[in-house]
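Working notes, beginning with the structure itself.
Residue numbers (the working numbering): 8 to 368.
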């Protein structure tokens, strides 16, 4: 048998190598296909959140730790030079404790400052103050009112009573915190585990104190229209707001019943007992009573046009006209009514002393 030449041997060798390469490529492709099929058929999880495929709320919320929250407040207070004045504790609606703290300090201008911090196990939910010394708008409430006492403007050093911050003041289930700003205006905040919300207040005068007008054991917010120094008429224009729904409002049944009684005048409570009401002794007293009755009438929900028309029939002396017009405008504003027409107020019944001065607005 003839032995192949070198050229023939090389050709045969190359053919065998090509065949081996093709077989190898086919094998590799088969292995890849089998792997892909196996992968597609498997039930492995690629999400870092497990079977849920998405993060739970717990991933974003720090674990409850009231001591840690209070420690953070202590560190901040030390950095700001704040002194702890009062600490109150209460209970959250669904369990857990709330801690209410009031602080005092001094700003760069030597003025007394205040701050409030409220913490739950889940976080610091109220952080008010201290106001920066260069801040122009200082209406933010930063002073803690430990307790509301009916009938007068509260003080930060008030003795604790039944209506204290950290308790449920309006029976909606949430603990409440009372704050006050530098002008004496009050705010009430509802505390929840993860935050706090300020109650809306609908009132014709800034809320500065509280009353229990219907004697039901809960407080209504109250405010008076401020008077100018030396006001010759000085009417007591008082408004109240009861808690109804989710806010304090003077449009609710409690407030309107209060105003309806006052609209009848100071002798309304004793009119049915045979007691005669004393007539006003001077023009200022007469106009004071007329303004107060009109004020309460419009806030009781009675027709504003009628109340203002009755008020405009009152005789007004020249010395009292400026003060009367200013107060009449406040009554109209409370009613949402029109401004006083030119020459509102009737002809005076008798001269009035020229020493009386109109109110300064």
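Cβ coordinates follow ideal geometry from the N, Cα and C atoms, glycine included. Given the structure is predicted, the values throughout are model-derived calculations rather than measurements.
Residue i burial status per 10 Å Cβ neighbour count (16 or more: buried)
i           : result
residue 109 : buried
residue 376 : With the chain covering only 8 through 368, there is no way to say anything about residue 376.
residue 13  : In this predicted model, residue 13 has a pLDDT of only 40, less than 50, meaning its place in the structure is not dependable enough to derive any value.
residue 127 : buried
residue 338 : buried
residue 310 : exposed
residue 223 : exposed
residue 320 : exposed
residue 62  : exposed
residue 260 : exposed
residue 72  : exposed
residue 253 : exposed
residue 263 : buried
Cβ-Cβ separation, residue j to residue i (assumed contact under 8 Å), whole Å
i           : j           : result
residue 95  : residue 178 : Not really, about 19 Å apart at Cβ, beyond 8 Å.
residue 306 : residue 211 : 7 Å
residue 198 : residue 105 : 5 Å
residue 182 : residue 99  : 7 Å
residue 148 : residue 187 : 6 Å
For residue j and residue i, the rounded distance between their alpha carbons
i           : j           : result
residue 208 : residue 152 : 17 Å
residue 225 : residue 247 : 13 Å
residue 150 : residue 228 : 17 Å
residue 33  : residue 70  : Because the pLDDT of residue 33 is 42, which lies under 50, any placement of that residue in the model is unreliable, and the question is left without a value.
residue 294 : residue 217 : 27 Å
residue 258 : residue 74  : 43 Å
residue 112 : residue 121 : 6 Å
residue 232 : residue 213 : 8 Å
residue 124 : residue 136 : 9 Å
residue 143 : residue 119 : 16 Å
residue 296 : residue 193 : 28 Å
residue 272 : residue 300 : 6 Å
residue 324 : residue 290 : 8 Å
residue 245 : residue 230 : 6 Å
residue 175 : residue 184 : 9 Å
residue 316 : residue 326 : 21 Å
residue 191 : residue 101 : 33 Å
residue 240 : residue 342 : 20 Å
residue 201 : residue 131 : 8 Å
Range covered by the beta strand (DSSP E) that runs through residue i
i           : result
residue 133 : 130 to 135
residue 174 : Counting along the chain, residue 174 falls outside any beta strand (DSSP E), and DSSP gives it neither H nor E.
residue 169 : First-last for residue 169: undefined, no H or E at that position.
residue 140 : Note, residue 140: premise wrong, no beta strand (DSSP E); not H, not E.
Alpha helix (DSSP H) segment containing residue i, residue limits
i           : result
residue 155 : No alpha helix (DSSP H) contains residue 155, which DSSP labels as neither H nor E.
residue 249 : From DSSP, residue 249 is part of no alpha helix (DSSP H) but of the beta strand (DSSP E) over 245 to 251.
residue 271 : Element bounds for residue 271: n/a, residue is neither H nor E.
residue 82  : 73 to 87
residue 305 : 290 to 306
According to DSSP, residues forming a beta bridge with residue i
i           : result
residue 97  : 105
residue 216 : 229
residue 195 : 185
residue 204 : 197
residue 91  : 110
residue 124 : 108 and 134
residue 254 : 207 and 251
residue 119 : 113
residue 150 : 187
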